[in-house]
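Report on the following structure.
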Amino acid sequence: MGELHGAMNRAAKKCHICGARSRNLCLTAGRIICPTCCHSKRGVEIVCSPDCRYYPFNIMGYDSWLKIDAGLTHKIVNYVIDAYGRNYFQETIEHMWPESGPLKNWEAVAIGTAVYHLLFVEHSKDNQTLAQHWKGTGWRGLNREEATIMNYRLNSRVTIIEIQKILDNQAMECIDLLDSQRGMFILLDRSLAAHTVRFARFLTWLTHYPNFSRPEFIGIEISDFIAKEFMEMMQKGFKEESKRRPSFTIKDHLSENFSTFCRLAFELRDKKQIAMLKGMDLHQCRASYKIEGKLEEIKAILDRYPDFELREGDSEKGYAEGVYHYDWLRRGRSKTLEAQMPFSFRHDDEDGGVGIIGGITLYPDGILLETFTKQKYEFAKKMVKKYFKGKLTLQEEMVVDMAKQFAERLHSKDADGFENEEFFQRVSRGPEELIPIEIERKIIQDFYKSHYQRFMEDRIPALNNLTPPQAAKDPKMRPRLISLMKEHLKGIEKQNREKGLDLNLDWVLDELNLPELKL
Numbered sequence: 085m086g087e088l089h090g091a092m093n094r095a096a097k098k099c100h101i102c103g104a105r106s107r108n109l110c111l112t113a114g115r116i117i118c119p120t121c122c123h124s125k126r127g128v129e130i131v132c133s134p135d136c137r138y139y140p141f142n143i144m145g146y147d148s149w150l151k152i153d154a155g156l157t158h159k160i161v162n163y164v165i166d167a168y169g170r171n172y173f174q175e176t177i178e179h180m181w182p183e184s185g186p187l188k189n190w191e192a193v194a195i196g197t198a199v200y201h202l203l204f205v206e207h208s209k210d211n212q213t214l215a216q217h218w219k220g221t222g223w224r225g226l227n228r229e230e231a232t233i234m235n236y237r238l239n240s241r242v243t244i245i246e247i248q249k250i251l252d253n254q255a256m257e258c259i260d261l262l263d264s265q266r267g268m269f270i271l272l273d274r275s276l277a278a279h280t281v282r283f284a285r286f287l288t289w290l291t292h293y294p295n296f297s298r299p300e301f302i303g304i305e306i307s308d309f310i311a312k313e314f315m316e317m318m319q320k321g322f323k324e325e326s327k328r329r330p331s332f333t334i335k336d337h338l339s340e341n342f343s344t345f346c347r348l349a350f351e352l353r354d355k356k357q358i359a360m361l362k363g364m365d366l367h368q369c370r371a372s373y374k375i376e377g378k379l380e381e382i383k384a385i386l387d388r389y390p391d392f393e394l395r396e397g398d399s400e401k402g403y404a405e406g407v408y409h410y411d412w413l414r415r416g417r418s419k420t421l422e423a424q425m426p427f428s429f430r431h432d433d434e435d436g437g438v439g440i441i442g443g444i445t446l447y448p449d450g451i452l453l454e455t456f457t458k459q460k461y462e463f464a465k466k467m468v469k470k471y472f473k474g475k476l477t478l479q480e481e482m483v484v485d486m487a488k489q490f491a492e493r494l495h496s497k498d499a500d501g502f503e504n505e506e507f508f509q510r511v512s513r514g515p516e517e518l519i520p521i522e523i524e525r526k527i528i529q530d531f532y533k534s535h536y537q538r539f540m541e542d543r544i545p546a547l548n549n550l551t552p553p554q555a556a557k558d559p560k561m562r563p564r565l566i567s568l569m570k571e572h573l574k575g576i577e578k579q580n581r582e583k584g585l586d587l588n589l590d591w592v593l594d595e596l597n598l599p600e601l602k603l
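In terms of my numbering, the sequence shown is residues 85 to 603.
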C-alpha cells in the first residue's frame with residue numbers, strides 16, 4: 085500500500101506531457117508541467133489562464149514580457165541598421181528630432197521614433213515595410229515569443245490615449261481617443277503609472293496584446309493648454325491627405341508624421357505661452373519714498389490700519405536696526421481692489437485667506453514699496469497718497485516687464501521646456517518664501533475649498549456663461565461640462581501627487597451628477 089502511494093506521489097510530480105520531474109502546476113490543465121513544455125507550448129497548444137504568471141502576454145506575466153522585450157529591442161535595432169545602413173539610420177534619427185529640440189531626452193525619443201518609422205512606416209519599391217519583409221522570412225533571428233510580439237506590433241499605430249484610472253504601480257485603464265469602438269483597455273507601463281494622473285492624454289505608438297496594451301514609447305503629453313489647436317491641425321492635415329488616399333486613416337497620418345506632430349505640440353505650447361505672456365500683467369514694480377515727517381508717524385500709520393501686517397519674525401525693534409517689513413494685504417480700505425482681481429485670485433471671504441497687494445519695507449529715512457503687477461502698483465501708489473498725506477515724497481520708480489523678458493527667453497536657443505513649465509507654475513505667486521509643508525498643505529486645501537464653492541456659483545464662459553449646476557441640467561452641455569471637469573480633476577490630482585495632498589472634488593461631482601468621473 086505504501087509502495088502504491090509512493091508511486092502515485094512520484095507520478096503526480098511529473099510533467100503530464102513529457103514525464104519530466106516537475107512541481108509546477110499548469111493552471112489551464114490543472115496538472116503538473118515542466119518548464120520546457122510550458123515554454124514551448126504556452127500560447128500555442130495551451131491557452132494559458134489569465135492568472136498564469138509564466139505566460140508573458142498576461143498581466144501577471146508582465147515581468148517575463150519585459151525581459152523578452154529587452155532582448156528583442158537590441159535585435160530590432162540591429163536588423164534596421166543591417167537593412168538601411170548605419171549612416172541612413174543616423175540621418176533618420178537627426179531628421180526625427182534635431183539635437184536642439186526641447187526634450188532633455190531627445191536622443192532616446194529620436195532613436196525610438198526612427199526605428200519605428202523605418203520598420204513600420206517607410207515602404208520599399210514593392211510597397212512593403214521592413215517589418216513585412218522580416219515577417220516573410222519567418223522573423224529570422226527571433227525566438228517564438230519574440231516573433232509573437234512582432235506579429236502584434238505589425239498592427240501598431242500612433243494614436244492619442246487618455247488615462248481613465250490608475251490601477252496600481254504598472255496598470256492603467258485607458259481609452260483610445262481615435263478609436264471609440266475599442267472601449268476601455270488595460271495599459272501597462274510602470275514609468276507612466278508612476279508619474280501620470282487621470283485624464284492625461286498622450287501621443288504614442290500603441291500595441292494591443294491579448295490581455296494588455298503597451299505604449300511602445302511615449303511621445304508627448306497633449307496638455308489641455310494646446311489640445312484644441314493640436315486636434316484641429318491634426319484633422320486638417322488628415323483631411324487634405326485622405327483626398328489623395330481613400331483608405332488612409334487618421335492613425336496612418338499620425339504614424340507617418342509622428343515626429344512632426346511631437347514638434348508641433350512644443351511649437352504650439354511655446355506660441356501660446358508667448359501670447360499669454362504678452363497679455364499678462366507680470367511686472368516687478370518698486371517705488372522708493374523719502375520720509376518728510378517723523379519715522380514714528382509713518383510706523384504708527386502702518387501699525388494702525390489692518391491693510392498692513394508686520395511680517396512674522398520682525399520684532400518690535402525691527403528686522404534689522406530700524407528696518408521693518410510689512411505685507412500689504414487686501415483688507416481694510418485696500419479691500420476695494422478685490423472686485424478687480426481675476427476670479428481665481430479673489431478672496432471675497434477672509435476665512436479662505438487674504439490676498440496680497442505687495443510689501444512695504446520701512447527704513448529710518450524712507451520706505452520701499454514693491455508689487456508684482458502694474459495693477460496692484462497703480463492702486464498702491466494711490467493709497468500711499470491717501471494714507472500718508474504729504475508725509476512721503478516719491479524719489480525713484482522701477483517697473484520691469486518680467487513677462488516680456490521671459491517671452492524673449494522662449495525664443496532663445498537656450499530656453500528649456502521643463503524650466504518653462506516650472507516658471508508657469510510659479511508665475512503668479514510673487515516672491516517665494518519658505519513655508520512649512522504642513523502649513524502649505526492647509527493653505528492649498530483651504531484655497532481649493534473656497535475656490536470651488538465660488539466656482540459652483542460663477543458663470544463659466546466655456547459653459548456658455550452658465551453656472552456648472554445649470555450646465556449639469558442641460559443634456560447638450562453635458563459633454564462640455566465633463567471635459568471641463570476632467571481638466572479640473574487632472575490639476576487637482578497633479579497637486580495631490582506632487583505635494584502629498586488629499587484634495588477631493590467628489591462633493592462637486594455629486595452636485596453636478598457626474599459619478600463617472602469619481603475614482
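We put the beta carbon where it would ideally sit given N, CA and C, even for glycine.
| Would you report the Cα separation of residue 332 and residue 326, rounded to the nearest angstrom? | If I take the Cα positions, the gap works out to 6 Å.
| task | Go through the stretch 361-403 residue by residue and report every complete run of the beta strand (DSSP E) that reaches 3 residues or more, in order. | result | Those beta strand (DSSP E) runs which fall completely within the stretch 361-403 and span 3+ residues are 367-375, 392-394.
| query | When DSSP labels each residue in this structure, what does residue 284 get in the three-state scheme? | reply | It is coil, neither helix nor strand.
| For residue 241 versus residue 335, is the C-beta spacing smaller than 7 Å? | Yes, they are a contact pair.
| said: Measuring alpha carbon to alpha carbon, tell me which residue in 472, 480, 409 is nearest residue 445. | reply: Residue 409 is the option with its Cα nearest to residue 445.
| query | Who does residue 289 pair with in a DSSP beta bridge? | reply | Note: residue 289 sits in a beta bridge opposite 242.
| Under three-state DSSP, which class holds residue 309? | Here residue 309 carries a coil assignment [DSSP, helix/strand/coil].
| task | Note down the Cα distance separating residue 370 from residue 276, rounded to an integer number of angstroms. | result | If I take the Cα positions, the gap works out to 44 Å.
| query | From residue 127 to residue 204, what distance separates their C-alpha atoms? | reply | Here the alpha carbons of residue 204 and residue 127 stand approximately 25 Å from one another.
| query | Using the beta-carbon count (16 or more within 10 Å), is residue 260 buried or exposed? | reply | Of the other Cβ atoms in all chains shown, 16 or more fall within 10 Å of the Cβ of residue 260; this residue is therefore buried.
| What whole-angstrom Cβ distance do residue 472 and residue 385 have, given they're in contact under 8 Å? | In this structure, residue 472 and residue 385 form a Cβ contact; the two beta carbons are roughly 6 Å apart against a cut-off of 8 Å.
| task | For residue 268, count neighbouring C-beta atoms within 10 Å of its own C-beta (all shown protein chains included) and say buried if the count is 16 or more, exposed if not. | result | That one is exposed.
| task | Would you check if the distance between the CB atom of residue 248 and the CB atom of residue 257 is smaller than 7 Å? | result | Their beta carbons are under 7 Å apart, which means residue 248 touches residue 257 by this criterion.
| said: Check whether the stretch 194-214 and the stretch 141-148 touch, using three or more Cβ-Cβ pairs below 8 Å as the test. | reply: Cβ pair count under 8 Å is below three, so no.
| task | Identify every run of the alpha helix (DSSP H) within the stretch 521-594, keeping only runs that are complete inside it and at least 4 residues long; order them along the chain. | result | Taken in chain order, the whole alpha helix (DSSP H) runs of length 4 or more contained in the stretch 521-594 are 521-539, 552-556, 562-583.
| query | Within 10 angstroms of its Cβ, does residue 289 collect 16 or more other Cβ (buried), or is it exposed? | reply | Buried, because 16 or more other Cβ atoms sit within 10 Å of the Cβ of residue 289.
| Does the Cβ of residue 454 have 16 or more other Cβ atoms within 10 Å, making it buried, or fewer, making it exposed? | Result: buried.
| query | If residue 132 sits next to residue 118, beta carbons under 8 Å apart, how far is it from one beta carbon to the other, in whole angstroms? | reply | With a Cβ gap of about 15 Å, residue 132 and residue 118 do not count as contacting.
| said: With H, G and I counted as helix, E and B as strand and the rest as coil, what does DSSP make of residue 512? | reply: Confidence at residue 512 is low in this model, with a pLDDT of 39, below 50, so its placement is unreliable and no value can be given for it.
| message | In this structure, how does DSSP classify residue 453 when only helix, strand and coil are distinguished? | response | DSSP places residue 453 in the strand class (E or B) of the three-state scheme.
| field | Reduced DSSP secondary structure (H/G/I, E/B, other) of residue 164 | value | Under the three-state reduction of DSSP, residue 164 is assigned to helix.
| query | residue 87 by DSSP, collapsed to three states: which one? | reply | Confidence at residue 87 is low in this model, with a pLDDT of 45, below 50, so its placement is unreliable and the value that follows should be read with caution. Helix at residue 87.
| said: So if DSSP puts residue 298 in a beta bridge, which residue, or which two residues, is it bridged to? | reply: Bridge partners of residue 298: 291.
| field | Cβ contact (3+ pairs, closer than 8 Å) linking the stretch 359-370 and the stretch 474-494 | value | Yes, the stretch 359-370 is in contact with the stretch 474-494.
| said: According to DSSP, simplified to helix, strand and coil, what is residue 497? | reply: Here residue 497 scores only 46 on pLDDT, less than 50, and its place in the model is too uncertain to base an answer on.
| query | How would you label residue 254, buried or exposed, when you count the other beta carbons within 10 angstroms and need 16 or more for buried? | reply | That one is buried.
| Beta-carbon separation of residue 490 and residue 352 under 7 Å? | Taking 7 Å as the cut-off, the beta carbon of residue 490 is found no closer than this to the beta carbon of residue 352.
| request: May I ask you to report which of helix, strand or coil DSSP gives residue 104? | output: DSSP places residue 104 in coil when its eight states are reduced to three.
| task | Kindly confirm or deny that the stretch 304-319 and the stretch 341-355 touch, where touching means at least three C-beta pairs closer than 8 Å. | result | Yes: at least three Cβ pairs fall under 8 Å.
| field | Residue span of the beta strand (DSSP E) that contains residue 128, given as start and end | value | Taken as a continuous stretch (DSSP letters only), residue 128 belongs to no beta strand (DSSP E), as it is neither H nor E.
| query | Alpha carbon to alpha carbon, what distance is there between residue 568 and residue 558? | reply | Per the coordinates, the alpha-carbon of residue 558 lies some 15 Å from the alpha-carbon of residue 568.
| Candidates 161, 572, 150: which alpha carbon is nearest residue 539's? | Per the Cα distances, 572.
| message | Just to confirm before moving on: does the CB-CB distance between residue 366 and residue 487 stay below 7 Å? | response | When the beta-carbon positions are compared, residue 366 and residue 487 come within less than 7 Å of each other.
| residue 280 versus 293, 246, 262, residue with shortest Cα-Cα distance | Selected option, being the one with the closest Cα: 246.
| query | Out of 564, 232, 343, 324, which has the shortest C-alpha to C-alpha gap to residue 293? | reply | Out of 564, 232, 343, 324, 232 has the C-alpha closest to the C-alpha of residue 293.
| Top-ranked residue by Cα proximity to residue 235, from 291, 194, 165 | The candidate whose alpha carbon is nearest that of residue 235 is 291.
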